[in-house]
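So the sequence lines, in the order shown, correspond to chains A and B. Going letter by letter, the first sequence gives residues 4 to 1076 in the numbering used here. Going letter by letter, the second sequence gives residues 167 to 504 in the numbering used here. C-beta atoms are modelled at their ideal positions from N, C-alpha and C, and glycine is treated no differently. Below is one structure, written out as structure tokens, with a few remarks after it.
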Amino acid sequence: MSSNSFAYNEQSGGGEATELGQEATSTISPSGAFGLFSSDLKKNEDLKQMLESTKDSAKLDAMKRIVGMIAKGKNASELFPAVVKNVASKNIEIKKLVYVYLVRYAEEQQDLALLSISTFQRALKDPNQLIRASALRVLSSIRVPIIVPIMMLAIKEASADLSPYVRKNAAHAIQKLYSLDPEQKEMLIEVIEKLLKDKSTLVAGSVVMAFEEVCPDRIDLIHKNYRKLCNLLVDVEEWGQVVIIHMLTRYARTQFVSPWKEDDGLEDNEKNFYESDDEQKEKTDQRKKPYTMDPDHRLLIRNTKPLLQSRNAAVVMAVAQLYWHISPKSEVGIISKSLVRLLRSNREVQYIVLQNIATMSIQRKGMFEPYLKSFYVRSTDPTMIKTLKLEILTNLANEANISTLLREFQTYVKSQDKQFAAATIQTIGRCATNISEVTDTCLNGLVCLLSNRDEIVVAESVVVIKKLLQMQPAQHGEIIKHMAKLLDSITVPVARASILWLIGENCERVPKIAPDVLRKMAKSFTSEDDLVKLQILNLGAKLYLTNSRQTKLLTQYILNLGKYDQNYDIRDRTRFIRQLIVPNEKSGALSKYAKKIFLAQKPAPLLESPFKVDRDHFQLGTLSHTLNTKATGYLELSNWPEVAPDPSVRNVEVIELAKEWTPAGKAKKENPAKKFYSESEEEEDSSDSSSDSESESGSASGEQDEGDSSDDSSEESSSEHGSDSESASEVGDKRTAKRNSKSKGKSADSSSEEESSSDSESESESESESESRKVTKEKEKKKTKQDRNPLTKDVSLLDLDDFNPVSTPVALPTPALSPSLIADLEGLNLSTSSSVISVNTPVFVPVKTHVLLHRMSGRGLAAHYFFPRQPCIFGDKMVSVQITLNNTTDRKIENIHIGGKKLPMGMQMHVFNPIESLEPEGSITVSMGIDFCDSTQTASFQLCTKDDCFNVNIQPPVGELLLPVAMSEKDFKKEQGMLTGMNETSTVIIAAPQNFTPSVILQKVVNVANVGVVPSGQDNIHRFAAKTVHSGSLMLVTVELKEGSTAQLIINTERTVIGSVLLRELKPVLSQG
Amino acid sequence: MIHSLFLINSSGDIFLEKHWKSVVSRSVCDYFFEAQERATEAENVPPVIPTPHHYLLSVYRHKIFFVAVIQTEVPPLFVIEFLHRVVDTFQVTNVGTSFLLDSCPVIDAIIDKSGSTITAEIQGVIDACVKLTGMPDLTLSFMNPRLLDDVSFHPCVRFKRWESERILSFIPPDGNFRLLSYHVSAQNLVAIPVYVKHNISFRDSSSLGRFEITVGPKQTMGKTIEGVIVTSQMPKGVLNMSLTPSQGTHTFDPVTKMLSWDVGKINPQKLPSLKGTMSLQAGASKPDENPTINLQFKIQQLAISGLKVNRLDMYGEKYKPFKGIKYMTKAGKFQVRT
């Protein structure tokens, strides 16, 4: 009995599904009652009595019969007062049936319905969530305008209910209230906004449904929930999935840029698809940036993929249309298999799916070609399925499969379903025009069909042949003769008309037959169909003009017959033709041109499927697509935006994070190019570490000066050398006194510094500041990762934003200043990590640049590179390289970018963003990252401008493959102890004693290699530590001074190859005078 | 979404209606009846019918039209799939007290005149009937999961586990449900288990045609083919048929021209055949096409897809369930062109 199905088991199912299931079951089950029951009023009296009864069983019986009446569409409204009394019944079964009744009749009997409202209001507070939910459901289904405020209140409260099931019902109620009173829109949007934030999978589908109905244009409400929806999607119930996927498809089309490289994002890209490669190339070239997919875009595509496996055809179709509309063209293919699977479902599902496949197969044959046989027609298929399959087969036909298809079509032509046979003939005609290789085969086949016994088949063949012949009339005199003979037997008017028209058009090719045909037609004129009569008139006119000797009388006879025809069209045509062709006094100038008018070259018709009428304008899977007209409430799928709207609107938690790292947050919001400077300065003033950083940066600048001088102008250096060496020596023997010595270094500097001082310093400081920020952020990132924080993705997104300023051109930096600040900040950040290997700031950064492209070979474009010895921001396995480009010509150089790369195995390169243009005499510095894989192999690539491409190479000195490491002497010894034997290489150096002063050794070593200084307790031993950039292996360098101007150079490392290379490079440097 | 629902029986009576929003007059169904009239046959009624103010989306099951009334844009499959689900709910039955699986591979094929296969594919379903107390967590593994080319699952199946291990892991709902449906990739050659020998000829001059068909087993792995039913739509020109079956019963409906022969089991020693003559309309020319023969059959204990369940384990509950699996190959849309 139905009562069982009423048990409260509805949490498991989706709201509406069960709602329907239950109510429908309830109404259907007491089917026995239907037959007996008549609409007799006395019986209603009987029901009233039953409802008054004290027994629940009698009431229940009555209610079942009443609901049965409703289901049968009979009027039970007069029972309203009797029924509504029972709304407060304790019996849950009776209560439910009363609810069903109320929902149906409350609108008609509003005053009485109000009596029941208080019951619902009470039920809304019931401790049982299911009762709360059903009360809300009924309340919102009672379409009584006066209770709108009550409904609104109930929805608001329910949207904050603890039970997700009640919240789900609140979302359903939103739609109902909106349809009752659209004035409530604003308030309802507030509730929707709240419910969209709900994290329950139960609510997600329903609230999106409400969103789609009430405010589909408020895309801004989705931003913050986008990622959540994507991630929840798999777990949402299936009906909700469909709605969410459709909504997200629209969302994606407004928020992301087109992933379709080959075209410009128009939806109907049919033309673009066939566009020549050249055009496509041009278009890609026009793009300023290489396309990278927004991670959120990717998220959606990735998270919907498993749903292709859903058992629900609507879900599969929704995912398929999502892929079709928003995924890169190369990935759409995966939907074919799933769609073909749906073809094994019910006829209705097949119908919709085939329609969508038909649209897709017009644009992209390749997608469904492997499944060609799945579209073969079975004799048991309904006609509409047959027609659609035929359509798809035609779309898929190509040179390779046409012979197979034609064989299959032959079977169809013989089908007992003659309409289908006729459609097949049309199809053959289309294949014949589309694939020129088979035109003749098809034509011959169709001619054979002319002798078919079935008239419909013959008639259709004639029509198709006519169209085919029109395309290439010259060669087919024989066929026309054959068809002329058919006139004796065939009776279908369209076919007869077609044959006559064909003969008329080709009357000069069949000069003997044509007049004879006209003679026969003149005889039968009166009994012909109107369509045929018109063509007889045409034929007569054409023959009159070309062969008036034989046909003049015949034509006049026909014109006379036409003059008195019953059909006014024919009378009209007759008059027209007579005036035009028969010369008399009245005839105007036109008759001179009669021949040209009648026998003009007519354009061949396009054999297009009746199906293909711009259906692809509609989003696939929609009702509008199926109907090929815009359905009420259809939401247009927008074109891709040219430029993606701000992706950060989807960041949810990041905002809170940003508050924590205030400086980064601030900097992000502001224009990085300008405000950076002032802000960084302010910060430095205020920050605790100000004294530290200033002093250190001072010393670093000193060191840079030193590097400068040693490289460029040796004379100048002499004056400074003293102070520098002083500071350096202090570094050498007393590391603890570092700060003092540094500040000393600074004072020495400032005294000796020249004009370049203030400006360059502030600039470089700001540079370092920004750099250091990146580092801190990266640290932050790592930290958050360690914390197993799920927000890492967001963080990285934010970082990407911040990386942009890096690629913006900056004046040639003086990098020597920068590292110090990093050191500081790093020191702060790394205080927690106790790892032995912690990357230190470079002790020294040589400004030596290497030529990448000489201006002579670069046609005026010169390029230099140098190693700033910074941790690379593009990847922690990369060595950062700065490239300075100079334009030495007198014209602009445009679009400087990196072209083809020839990298050894495993090597990777992060290229700089293309530079739009470089002014004459202009110079620009850009950063790149190259992962050399800890080898000194050359990275070859092309440096391209708008007009040229130059092959260039970067070969790193071994010393640049390292990053300095800070470690204590103890750690150093411990590590060294583990890297003995094969991992140790050593050599003896002989040099003059003045070369073995600590400062000289330090200077020489750090000049060659990016190593960190390890404080040493012994004067005669100098230790340096670094790690390789790619693998992070330790590289320990020891210089031990021996007696009598010799020294031992020892290198310990796992990477023995670079170890020995480094040894070879250091040896001559250290022994030089 | 769905505004109203009407159920219409084969004689065109609206015998049930249900309205979710405001009441839509049943006169809206007149548009449906018009379309039904145009379509002549029930299955040709378009599933989507636009009317001036509404859209009618319908499914046809068990000789009943389920007509949903829609007012605004909605994915049509959403409604259609939903209606089918409604029909399925009406038929819920609960049997069994254990975990039983029915694995039914279904073979679809088109065989051409000469007996060669034009297209053949195997799809299958595994239906479960579960009556297990508590929250049992089941895992089911296959001997040869690689055969599965394209699968769709009941929502209870954990998809990730399938992706990584090719194991079905799920907490089953109670009662009957479809655990998975699958498709065996077309690369694997499909063994066709039956053949039909036919000799159907019409002669222009005579008003009598000859009709003879024989059904025989082929690649059945020794299993018996049973439940064989042969149906064929004869051409219009056939007035009557006088046939003698070697076994089973046959009927010919002179109005619909439908020939149906209930063969039963196929005994390989004595192949069933149906022979006789057809009387044709006098004077009419012979039909151009020979009729297509549709075949239905069942083969017990044969999984023609090759898909076999390896084992089923239950976790989360202490008791031992009764487990069972039944294999049965069936013919789906199996057509022989003659």
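V317 of chain B and I168 of chain B have their C-alpha atoms spaced approximately 29 Å apart. Taking the Cβ atoms as the reference, T1041 of chain A lies roughly 15 Å from L965 of chain A, outside the contact range of under 8 Å. DSSP, reduced to helix, strand and coil, places D303 of chain B within a strand of the structure shown. In terms of Cβ geometry, Q419 of chain A and S382 of chain A form a close pair [threshold 9 Å]. About 16 Å separates the beta carbon of S445 of chain B from that of S398 of chain B, a gap too long to meet the 8 Å contact definition. Listed by position along chain B, the residues whose Cβ is nearer than 9 Å to that of E110 of chain A are S188, V189. S92 of chain A sits in coil when the DSSP states are folded into three classes, being neither helix nor strand. When DSSP states are grouped into helix, strand and coil, V968 of chain A belongs to the strand group. Put simply, of A:L593, A:V210, A:L1052 the residue whose alpha carbon is nearest the alpha carbon of E240 of chain A is A:V210. The secondary-structure analysis by DSSP pairs V235 of chain B across a beta bridge with B:S170, B:L222.
Pairing L864 of chain A with L906 of chain A gives a Cβ-Cβ distance that is not under 9 Å. In the three-state reduction of the DSSP assignment, A361 of chain A falls in the helix class.
When beta bridges are read from the DSSP output, P298 of chain A appears opposite no residue. Nearest C-alpha to T495 of chain B among B:V394, B:S193, B:A234: B:V394. Taking 9 Å as the threshold, the shortest C-beta distance from M167 of chain B to chain A falls below it.
Per the Cβ contact rule, the stretch 339-358 of chain A is in contact with the stretch 239-246 of chain B (3 or more Cβ pairs under 8 Å). Take V194 of chain A, set aside five residues on each side of it, and the residues of its chain with a beta-carbon closer than 8 Å to its own are I158, K159, S162, A173, I177, in chain order. Contacts with chain B (Cβ-Cβ distance below 8 Å) from the stretch 400-421 of chain A involve E411, T414, K417, S418, Q419, listed in chain order. For T504 of chain B, the secondary structure class from DSSP, reduced to helix, strand or coil, is coil. DSSP, read as helix, strand or coil, puts I134 of chain A in helix.
Between Q258 of chain A and F325 of chain B, the gap from beta carbon to beta carbon reaches 9 Å or more. For chain B, the residues of the stretch 300-316 of chain A that bring a beta carbon within less than 8 Å of one of its beta carbons are P309, Q312, S313, R314, N315, A316, in chain order.
DSSP places T415 of chain B in the uninterrupted beta strand (DSSP E) bounded by 415-419. For M908 of chain A, there is no enclosing beta strand (DSSP E), as DSSP gives it neither H nor E. The continuous alpha helix (DSSP H) containing L63 of chain A extends over residues 59-74. A direct Cα-Cα distance of roughly 15 Å separates P453 of chain B from T443 of chain B.
V1040 of chain A sits in a strand when the DSSP states are folded into three classes.
Here the stretch 921-931 of chain A makes no contact with the stretch 960-974 of chain A; the two share fewer than three CB pairs at distances below 8 Å. Residue A:A136 holds the alpha-carbon nearest to the alpha-carbon of L165 of chain A among A:L630, A:S144, A:A136. With a contact defined as Cβ atoms closer than 8 Å, R344 of chain A and D299 of chain A miss out at about 29 Å.
V1016 of chain A is bridged by DSSP to A:F1027.
For H320 of chain B, the chain A residues whose Cβ falls inside 7 Å of its Cβ are R314, in order along the chain. By the criterion of at least three beta-carbon pairs nearer than 8 Å, the stretch 941-959 of chain A is not in contact with the stretch 992-1012 of chain A. The beta-carbon distance between I482 of chain A and V450 of chain A, rounded to whole angstroms, is 6 Å. This is short enough to meet the 8 Å contact definition. Between the stretch 903-918 of chain A and the stretch 844-853 of chain A there are fewer than three inter-stretch CB-CB distances shorter than 8 Å, so the stretches are not counted as touching. For a Cβ distance threshold of 8 Å, nothing in chain B lies close to V495 of chain A: the least Cβ distance comes to about 17 Å.
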